[in-house]
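Trainee: Dropping the structure in here first, questions after.
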Amino acid sequence: MTTHHFAAHVTSTLSPACHQQRFDLFRHVPLLANCHTGIIGCVSSYERVIINSPIVNQRAMSEQERSANTATATAAATSQKYHKMFPDVESLSSEKLLHDTFSTSTESSCADDIKASKWIIDGKNAVLVDVRSRPERNTSMISGAISLDEFKTNVIPQLMELSPDDVLSQPNTIVFYCTIGYRSGVEARKMQNEYPFLFHQECKAEHYGKSETHNLKKKQQSKIQVRNLDGILNFANALEASETQARMNVASTNEPNKHITKGLLINPNTNQPTNRVHVYGPSWKHCLSESYDPVVFSNMEFGWRGLGVLLQRISCIGCSCGCEQACRRYPWSKSD
1 MTTHHFAAHV TSTLSPACHQ QRFDLFRHVP LLANCHTGII GCVSSYERVI INSPIVNQRA
61 MSEQERSANT ATATAAATSQ KYHKMFPDVE SLSSEKLLHD TFSTSTESSC ADDIKASKWI
121 IDGKNAVLVD VRSRPERNTS MISGAISLDE FKTNVIPQLM ELSPDDVLSQ PNTIVFYCTI
181 GYRSGVEARK MQNEYPFLFH QECKAEHYGK SETHNLKKKQ QSKIQVRNLD GILNFANALE
241 ASETQARMNV ASTNEPNKHI TKGLLINPNT NQPTNRVHVY GPSWKHCLSE SYDPVVFSNM
301 EFGWRGLGVL LQRISCIGCS CGCEQACRRY PWSKSD
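Oh and the sequence shown: position 98 is 98 in full-length UniProt numbering, straight run, nothing missing.
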């Protein structure tokens, strides 16, 4: 039935009083189909305008920020869970590491201005030690950090040869870090137990000979502190938050910001900034902000390393210190 026939049919059913007004209704009936097409076009145009509007872009940015906040909260909670396993090792947050580093080094604009293997914490030097495996370190490291093997091979012997007076002039903080805080906690506790005269502030003098008692007390005064960082995942998230805040400050003040932390996460093979972070296993991808590219071990490698860590934990139940004997017994649980 055409529009004209439909109008005639309806008109025939109307009362005589309505015939005079029928043209007001049906004059516009042929236009309805065209209006439908026009409305669809308007809606499409409206959608394009809305999608590209600053309000929607801001809302999308808010979604991204919420995702980053979720990753940050998840990583922080996971790290706290592992840090509670080492109550005798003091924890250090990535936020504090970044804040204290740049609050006492206001002239530094990037990691290249910081001495290799040296960070500034509370105005004093610190050494960052990456206890992760070589494949993880090859993906990315915190700039200025050294490997655990390098720490044991170079730093420990140097500290052992120092006199008690010389110890006072050495870096007063050793910061261990891994992915999320478990392996670094094991190594930090191990260092405190194996070298109590260097790192442990509550060591007992009767464990040593009488001739060493005086030196022991003087070395205790050096207070070389051991810290367990909350992991490279939390560091990466804190780094992104710091860079975001720096960009916001630059945008609002139109002045260059000297505290932009870009470059503190690097590929050690090229010494260039990178956004790739090894998260160890797939279950920890959600602990990393979406702006980073997560890297994981293969399923076989992940299972093999997980078994090694489990056996190491079982072996250390007796002494609860993550002792060196466990690493000698299960060499695949070593950092390399």
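Glycine is no exception: its CB is placed at the ideal position from the N, C-alpha and C atoms.
#1: Span of the alpha helix (DSSP H) holding Val186?
#2: Please check the pair Asn234 and Ser94, which I expect to be a contact at CB under 8 Å, by giving their CB distance rounded to whole angstroms.
#3: Could you have a look at Tyr292 and say whether DSSP puts it in helix, strand or coil?
#4: Do the CB positions of Glu187 and Phe176 come within less than 9 Å of each other?
#5: When burial is assigned at 16 or more other CB atoms within 10 Å of the CB, is Leu148 buried or exposed?
#6: Closest to Ala76 by C-alpha separation, out of Met300, Trp284, Val296, would be which residue?
#7: What is the DSSP secondary structure of Ala60, counted as helix, strand or coil?
#8: Would you tell me roughly how many angstroms separate the C-alpha atoms of Tyr280 and Gln192, rounded to the nearest one?
#9: If you draw a straight line from the C-alpha of Lys90 to the C-alpha of Lys84, how long is it?
#10: Could you pull out every residue in the same chain whose Cβ sits closer than 6 Å to the Cβ of Gly306, ignoring the five residues on either side in sequence?
#11: How would you call Ile174, buried or exposed, if buried means at least 16 neighbouring beta carbons within 10 angstroms?
#12: Between the C-alpha atoms of Met300 and Val131, what's the straight-line distance to the nearest angstrom?
#13: Flag this pair as yes or no: are the beta carbons of Thr179 and Asn267 separated by less than 9 Å?
#14: Just mark Arg134 as buried or exposed, buried being the case when its beta carbon has 16 or more other beta carbons within 10 Å.
#15: Please report the distance separating the alpha-carbon of Tyr330 from that of Glu194.
#16: Taking the alpha-carbon positions, what's the Met141 to Leu264 distance?
#17: Got a sec, what are the start and stop residues for the alpha helix (DSSP H) Asn138 sits in?
#18: Quick test of your reading: Ser289 and Gly181, contact by CB under 8 Å. State the CB separation rounded to the nearest angstrom.
#19: Let me check one thing: in DSSP terms, what residues is Arg227 bridge-paired to?
#20: Note the first and the last residue of the continuous beta strand (DSSP E) segment covering Leu264.
#21: For the alpha helix (DSSP H) containing Pro157, name the first residue and the last one.
#22: By a C-beta neighbour count over all protein chains shown, 10 Å radius and 16 as the cutoff for buried, is Gly231 buried or exposed?
#23: When the Cα atoms are used, what is the spatial distance from Asn69 to Glu240?
#24: Quick check: what's the CA-CA separation for Asn228 versus Leu92?
#25: Considering Cα atoms alone, identify which of Phe151, Gly185, Asn154, Pro282 is closest to Pro87.
Mentor: Taking the coordinates as given:
#1: As a working mapping, residue 186 is identified with position 186 in the sequence shown. Taken as a continuous stretch (DSSP letters only), the alpha helix (DSSP H) holding Val186 covers 182 to 194.
#2: Counting from one through the sequence shown, the residue named residue 234 turns up at place 234. Counting from one through the sequence shown, the residue named residue 94 turns up at place 94. Taking C-beta atoms under 8 Å as the contact rule, Asn234 and Ser94 qualify, at a distance of about 5 Å.
#3: If you number the sequence shown from 1, residue 292 lands on position 292. For Tyr292, the secondary structure class from DSSP, reduced to helix, strand or coil, is coil.
#4: Reading the sequence shown from its first residue, position 187 is the one you call residue 187. Reading the sequence shown from its first residue, position 176 is the one you call residue 176. Yes.
#5: In the sequence shown, residue 148 corresponds to position 148, counting from 1. Buried: at least 16 other Cβ atoms inside 10 Å.
#6: On the sequence shown, position 76 is the one that residue 76 refers to. By alpha-carbon distance to Ala76, the top candidate from Met300, Trp284, Val296 is Trp284.
#7: Taking the sequence shown and counting its residues from 1, the one referred to as residue 60 is at position 60. Because the pLDDT of Ala60 is 43, which lies under 50, any placement of that residue in the model is unreliable, and the number read from its coordinates should be weighed accordingly. In the structure shown, Ala60 sits in a helix (DSSP, three-state: H, G or I).
#8: Numbered from 1 along the sequence shown, position 280 holds the residue referred to as residue 280. Numbered from 1 along the sequence shown, position 192 holds the residue referred to as residue 192. Cα-Cα distance, rounded: 26 Å.
#9: Here the question's residue 90 lines up with position 90 in the sequence shown. Here the question's residue 84 lines up with position 84 in the sequence shown. In the sequence as presented, Lys is not what sits at residue 90; that position holds Glu. Glu90 and Lys84 have their C-alpha atoms some 10 Å from each other.
#10: Your numbering for residue 306 matches position 306 in the sequence shown. Taking C-beta separations shorter than 6 Å and ignoring five residues to either side along the sequence, Gly306 has no partners in its chain.
#11: As a first step, residue 174 is located in the sequence shown; it is residue number 174 there, counting from the start. That one is buried.
#12: Walking along the sequence shown from the start, residue 300 turns up at place 300. Walking along the sequence shown from the start, residue 131 turns up at place 131. Spanning the two alpha carbons is a distance of roughly 21 Å.
#13: The sequence position of residue 179 within the sequence shown is 179, counting from 1. The sequence position of residue 267 within the sequence shown is 267, counting from 1. No; because the gap between Cβ atoms is not below 9 Å, this pair is not in contact.
#14: Stepping through the sequence shown from its first residue, residue 134 is reached at position 134. By the 10 Å Cβ count, Arg134 comes out exposed.
#15: Within the sequence shown, residue 330 is the residue found at index 330, counting from 1. Within the sequence shown, residue 194 is the residue found at index 194, counting from 1. Residue placement at Tyr330 is poorly supported in this model, since its pLDDT is 39, which falls under 50; the coordinates still yield a value, given next. Computed Cα separation, rounded: 19 Å.
#16: Here residue 141 corresponds to residue number 141 of the sequence shown, with the count starting at 1. Here residue 264 corresponds to residue number 264 of the sequence shown, with the count starting at 1. Approximately 8 Å between the Cα atoms of the pair.
#17: For the purposes of this step, residue 138 is identified with residue 138 of the sequence shown, where counting begins at 1. 134 to 139 is the extent of the alpha helix (DSSP H) around Asn138.
#18: Position 289 of the sequence shown, counted from the start, is the residue given in the question as residue 289. Position 181 of the sequence shown, counted from the start, is the residue given in the question as residue 181. Not confirmed; about 18 Å, so no contact.
#19: Within the sequence shown, the letter at position 227 stands for residue 227. In the DSSP assignment, the residues bridged to Arg227 are Glu90, Val175.
#20: As a working mapping, residue 264 is identified with position 264 in the sequence shown. Under the DSSP assignment, Leu264 falls outside any beta strand (DSSP E); it carries neither an H nor an E label.
#21: Residue 157 sits at position 157 when you count from the first residue of the sequence shown. From DSSP, the alpha helix (DSSP H) with Pro157 extends over 156 to 161.
#22: Stepping through the sequence shown from its first residue, residue 231 is reached at position 231. Using a 10 angstroms sphere on the CB of Gly231, the tally of other CB atoms reaches 16 or more, which defines it as buried.
#23: Here residue 69 is taken as the residue at index 69 of the sequence shown, counted from 1. Here residue 240 is taken as the residue at index 240 of the sequence shown, counted from 1. Whole-angstrom Cα-Cα distance: 11 Å.
#24: Locating residue 228 in the sequence shown gives position 228, where the first residue counts as 1. Locating residue 92 in the sequence shown gives position 92, where the first residue counts as 1. Linking Asn228 to Leu92 through their CA atoms gives a straight-line distance of about 6 Å.
#25: In the sequence shown, the residue the question calls residue 87 occupies position 87. Measuring from the Cα of Pro87, the nearest candidate turns out to be Gly185.
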